[in-house]
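Q:
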Amino acid sequence: MKKIFQTLLLLIIMSSPASSFDEERYTGGGQWPVSSSDDTFIHYQDQNQLTNKNEKDEIEGRFFYDQEDVTDDYQVHAIYILASDSKDKKYDTNGTIESIVIKGNEHLKKNIDQKQFRLDLTKDGNLDVSFLRVNKTRKEINRLENAAGYFTGMVILHGFNNPKKLYTIFYQDKYKREWGQVGDALYDTPNGEVEVTAGVVYLGKEKASEAWIPHIHELFHALGFVQLCAPGAIIERNSRWGKNDHLNYKNDIMSDRGGDYLYIDKKRTEYFGHSNLNCELDLEKSAFMEPTEENFQLQPFSPTCKLTRWQPIYNHERSLECLSKLDF
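Just add 1049 to the spot in the sequence shown (first one is 1) and you have the working numbering.
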């Protein structure tokens, strides 16, 4: 009876007019605050002005800012983060992070019709990985309630705030019991506030060779998936949203129920290549995927420019408007 009631409630919500739907209700909370007026803030167009504070971090093949782009399309940029007291394992220069990201793309191509993330590459075709050592120790980071938000805020302050880039962050060490999280920062610009999301992976949790799993999972979350209007989204009646942005069954990379496989919406009914009415956001159309669809989609924003997990009708103009706040 309880499941029947929950299903009926969901159907009533989904059948209501999209124009009257409260997208703001399905945004997150507790975003890390960051402002362009901060004394340490660097705009992405001025990022090459950054100065490194630790001479030991200056090694061959390491870059402290985003290298010159080979395309101006939407793309995923990788960042390697260390705590102020982390021992440098050089995952950015020894190929570890590049291997994780490439393995993730290989999994995507096998599962979603040869599509993959468009990666930020150097002119010689390698993955462009930037390096950042933050101002907190490992112990201080582990005490934070929102380490992923902190990392996202720090990369914004250090010039990683390009509106056409989605950032995948790799923290070298552990954070509590987490393997990955979506990072969320509320960025106050001269044009108004906008939430910036990123994928965050904690490399100290499991083997680095398996880190492509949270890398993909958290980037999907950062793009707004799984939308709560998806038929398989978990129902959590007593939670803030009444639902959960994971799938309620096994064997999908967006499931929190485990399983032996990591499919990507195998039946095309949830978040990729689907045909769900009043649930238009579709990973297949993401601007960060290549080949890119002509009618591409960006992150779904609420009227206050926060990432919304439930947007019945995708609002492209609003997404463009919110992301344009990053350009000033």
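By construction, the Cβ of each residue, glycine as well, lies at the ideal position given by its N, Cα and C atoms.
Is the stretch 1341-1356 in contact with the stretch 1242-1258, if contact means three or more CB pairs nearer than 8 Å?
A: Touching, yes.
Q: In three-state terms, what does DSSP make of valine 1243?
A: Strand.
Q: Using DSSP's beta-bridge definition, name the partner residues of glycine 1229.
A: Partner(s): Val1250.
Q: Per DSSP, which one or two residues make a beta bridge with tyrosine 1216?
A: Answer is His1126, bridged to tyrosine 1216.
Q: To the nearest whole angstrom, what separates the beta carbons of leucine 1311 and isoleucine 1262, a pair I think is in contact under 8 Å?
A: At roughly 7 Å, the Cβ-Cβ gap stays under 8 Å, so leucine 1311 and isoleucine 1262 are in contact.
Q: Does any CB atom of chain C fall closer than 8 Å to the CB of arginine 1306?
A: In summary, chain C is missing from the structure at hand, where a single protein chain is found.
Q: With a threshold of 8 Å, are at least 3 pairs of Cβ atoms found where one atom belongs to the stretch 1281-1298 and the other to the stretch 1159-1178?
A: At 8 Å Cβ cutoff, the stretches do not touch.
Q: Indicate whether leucine 1252 and glutamine 1221 have their beta-carbon atoms separated by less than 8 Å.
A: It is a contact, given that the beta carbons lie within the stated cut-off.
Q: What do you get for glutamine 1163, buried or exposed, if any count of 16 or more other CB atoms within 10 angstroms of its CB means buried?
A: When all chains shown are included, glutamine 1163 counts as exposed.
Q: What number of angstroms, rounded off, separates the C-alpha of alanine 1260 from the C-alpha of tyrosine 1320?
A: Near 22 Å, if we compare the C-alpha coordinates of tyrosine 1320 and alanine 1260.
Q: For methionine 1338, collect the residues of the same chain with a Cβ closer than 6 Å to its Cβ; drop the 5 residues on either side in sequence, then sort them by chain order.
A: Contacts found: Lys1164.
Q: Do valine 1178 and aspartate 1141 have their CB atoms nearer than 8 Å?
A: Yes, they are a contact pair.
Q: Pull up the CB-CB distance for alanine 1234 and isoleucine 1149, whole angstroms please, since I reckon it's below 8 Å.
A: At roughly 23 Å, the Cβ-Cβ gap does not stay under 8 Å, so alanine 1234 and isoleucine 1149 are not in contact.
Q: Let me know if threonine 1089 comes out buried or exposed under the rule of 16 or more other beta-carbons within 10 Å of its beta-carbon.
A: Exposed, since its Cβ has fewer than 16 Cβ neighbours within 10 Å.
Q: Is there contact here, the stretch 1118-1129 with the stretch 1211-1221, by at least three beta-carbon pairs under 8 Å?
A: Touching, per the Cβ criterion.
Q: What did DSSP end up calling asparagine 1154 once you bin it into helix, strand or coil?
A: Looking at asparagine 1154 - three-state DSSP - the assignment turns out to be helix.
Q: Which same chain residues, not among the five before or five after glycine 1110, have their C-beta less than 6 Å away from its C-beta?
A: So the qualifying residues of the chain are Thr1142.
Q: Look at the alpha carbon of isoleucine 1161 and the alpha carbon of serine 1084, and state the distance between them as a whole number of angstroms.
A: Their backbone Cα atoms lie some 38 Å apart in a straight line.
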